[in-house]
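Count along the sequence shown from 1, then add 184; that gives the number in this note's numbering.
Here's the structure we're looking at; comments come further down.
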Amino acid sequence: MKNRDVFSSYHPIVNFVYFALVLTFTMVFMHPALLACSLICAAAYAIYLNGRKAVRFMLLYLLPMMLLTAALNPAFNHKGATILTYLSSGNPLTLESLVYGFAAAAMLAAVICWFSCYNAVMSSDKFVYLFGRIIPGMSLVLSMTLRFVPKFKAQFKAVSDAQKCLGVRATKSGACPPISRGLKVLSVMVTWALENAIETADSMKSRGYGLKGRTAYSIYHFDSRDRTALAVLLLFGAYILAGSFLKLTYWRYFPIIKGANLQAASASVFAAYFALCSMPLAINRREDRKWKRSKSKI
């Protein structure tokens, strides 16, 4: 069951800065604690946004992909000083390559979860609003690309159901009929995709999209709530970056596993990172509690 996401109602610049920070930090920081924090918060936020659909995706696709990534890395990466055993090929299996495989798998899974949250929060209208004046052509192409997959899936289901109702997909003997039916659906989908792209381009051109001095109606207003959220995001981001420059988040896997000693300063950076990653969940939980209290007073 999907929940009401209050964070997506914030100004688009707040949403974009948040995802830019968490995605960048997730791909840059390889510290196990930071990777675990990012993965847990991303998975929790994805479940909050998409409900059972996110849980099913994680169990059926994300978890096997993580296990496969973690298993493949030590099979091809033989760096490291701690040799556990030797493979049948004669190459060593090292502890460092094994741990690095799990770290890489966690990073990949966290990035996928964050992007699923990004697609749910950052609509094409928000993206065009942010970058329509700066890079109008590129922002339109990116917006169309991001929404292409869900629209393609919906249209594919509509075409498939229509052909089924017309009896085109009736069961027949032989191997060729299923292939021919699949080619018919593919032909329809390719034609639809090309026509949709041309219609969108003509529609935006007729509206003067990208012309100098063009104004556009906007439903987004940057209020005090957005200023506070953006200031908190920038503060957390600056503090985490400062901790990174001071080597408080340092961690390496080769030739031996070694990281910065845990101290009060590094613990504060980890706490700031957790607060940054869990910010949408904290906002939503706070609003959920307010809503429940208001309902109880009725």
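Ideal Cβ placement from N, Cα and C applies to all residues, glycine included.
By the CB criterion at 8 Å, Asn234 and Ala304 fall inside the cutoff. Minimum Cα-Cα distance from Arg469 among the listed residues Ile441, Ala226, Tyr232 corresponds to Tyr232.
Within the DSSP bridge table, the entry for Tyr270 names Pro276 as partners. Secondary structure at Arg436: strand, using DSSP grouped into helix, strand and coil. Our two residues, Lys341 and Ile382, have alpha carbons roughly 22 Å apart in a direct line. When C-beta atoms of the stretch 246-255 are compared with those of the stretch 284-303, three or more pairs fall below 8 Å, so the two segments count as touching.
By the neighbour-count criterion, in which a residue is buried when 16 or more other Cβ atoms sit within 10 angstroms of its Cβ, Ala415 is exposed. Taking C-beta separations shorter than 7 Å and ignoring five residues to either side along the sequence, the partners of Ala217 in its chain run Phe454, following chain order. Leaving aside the five residues that flank Ser281 on each side, the residues in its chain whose CB is nearer than 7 Å to its CB run, in chain order, Asn257, Pro258, Asn261, His262, Lys263, Gly264. Inter-segment contact for the stretch 200-213 and the stretch 436-452 is absent: fewer than three beta-carbon pairs are separated by less than 8 Å. Under the DSSP assignment, Asn234 falls in the alpha helix (DSSP H) whose first and last residues are 216-234. If you draw a straight line from the Cα of Ser193 to the Cα of Phe311, it comes to about 14 Å.
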